[in-house]
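A.B. asks: If you use numbering that gives the first Met the number 0, the sequence shown corresponds to residues 0 to 161, in order.
Before I ask anything, here is the structure I am working with.
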Amino acid sequence: MCICQGSKVGIYLADISRAFDKVSRTLLSATLAQLGVAEAFLDFLNSYLLSREGYVAVEDVLSECMMLTDMVYQGIVLGSSLWNAFFGDIATCVPEDGQHCQIFADDLKVDASCPVAMSNDVLKANLGEAQARAHEWGERNRVTFDPTKESIRIIHPTQSDA
0 MCICQGSKVG IYLADISRAF DKVSRTLLSA TLAQLGVAEA FLDFLNSYLL SREGYVAVED
60 VLSECMMLTD MVYQGIVLGS SLWNAFFGDI ATCVPEDGQH CQIFADDLKV DASCPVAMSN
120 DVLKANLGEA QARAHEWGER NRVTFDPTKE SIRIIHPTQS DA
């Protein structure tokens, strides 16, 4: 819609590396408490997320024991909900001044529109600041963004950067 109204759009795209495998149980518990989860349920989740032994089984052969620590177990009913609670506040920490943020699973998208006359470099710098805020969020929450899956792009029929 912005492009049809004479603007160009910039986007910052990112993906968290091994997202479900790096969720600090302590940070997740604090986030859930802040969201108002009842104490009894917090106790259950804290116990549920304690470190445990894990194995990979292939045709009745077990791998060596691995310690599963600080992670949200994928493929379980609570996995996606716990991850969404953990990741959700990035949508309030990253976008500023007309930027919009969308999250889905472990993916982050921040977009901003501007007049066509604005330099692509200025728009990219603006989104680079969002990227820096995302990385700061990641450091606070002990996760990293996969550099091979990050990009800042300009979308416009005649002024795209691709």
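Note that the Cβ used here is the ideal one computed from N, Cα and C, for glycine as well.
Classify Asp163: buried if its beta carbon has 16 or more other beta carbons within 10 angstroms, exposed otherwise.
C.D. replies: Here the chain covers residues 0 to 161 and nothing more, so residue 163 does not appear.
A.B. asks: Should Ala84 and Leu107 be called a contact, given that it needs their Cβ atoms to be closer than 8 Å?
C.D. replies: No, they are not a contact pair.
A.B. asks: Using the C-alpha atoms, what's the distance from Gly74 back to Arg51?
C.D. replies: C-alpha separation (whole angstroms): 16 Å.
A.B. asks: Under 8 Å by Cβ, that's how I've got Asn119 and Gln158 pegged, so tell me the actual separation to the nearest angstrom.
C.D. replies: Correct: roughly 7 Å between the Cβ atoms.
A.B. asks: What is the DSSP secondary structure of Gly53, reduced to helix, strand or coil?
C.D. replies: Strand, per DSSP.
A.B. asks: Go through its chain and collect everything with a Cβ distance to Gly127's Cβ below 7 Å, but skip five positions before and after it.
C.D. replies: Result list for Gly127: Ile151, in chain order.
A.B. asks: Ignore the nearest five residues each way along the sequence and tell me which others in Gly137's own chain have a CB closer than 8 Å to its CB.
C.D. replies: Once the five neighbours on either side are set aside, the close Cβ partners of Gly137 are Ile15, Thr143 and Phe144.
A.B. asks: Evaluate the contact criterion for the segment 15-26 versus the segment 65-73: three or more CB pairs, one atom per stretch, below 8 Å.
C.D. replies: Touching, yes, given that three or more Cβ pairs across the two stretches are closer than 8 Å.
A.B. asks: Tell me which residue opens and which closes the alpha helix (DSSP H) that Cys92 is part of.
C.D. replies: Looking at the DSSP string, the run of the alpha helix (DSSP H) that includes Cys92 is Ile89 to Cys92.
A.B. asks: Start and end of the beta strand (DSSP E) containing Phe85?
C.D. replies: Here Phe85 belongs to no beta strand (DSSP E); instead the alpha helix (DSSP H) covers Gly78 to Phe86.
A.B. asks: Do you know how far the Cα of Gln101 is from the Cα of Leu81?
C.D. replies: If I take the Cα positions, the gap works out to 18 Å.
A.B. asks: Can you check DSSP and say which residues form a bridge with Gly9?
C.D. replies: The partner list for Gly9 (beta bridge, DSSP) reads Ala111 and Ile153.
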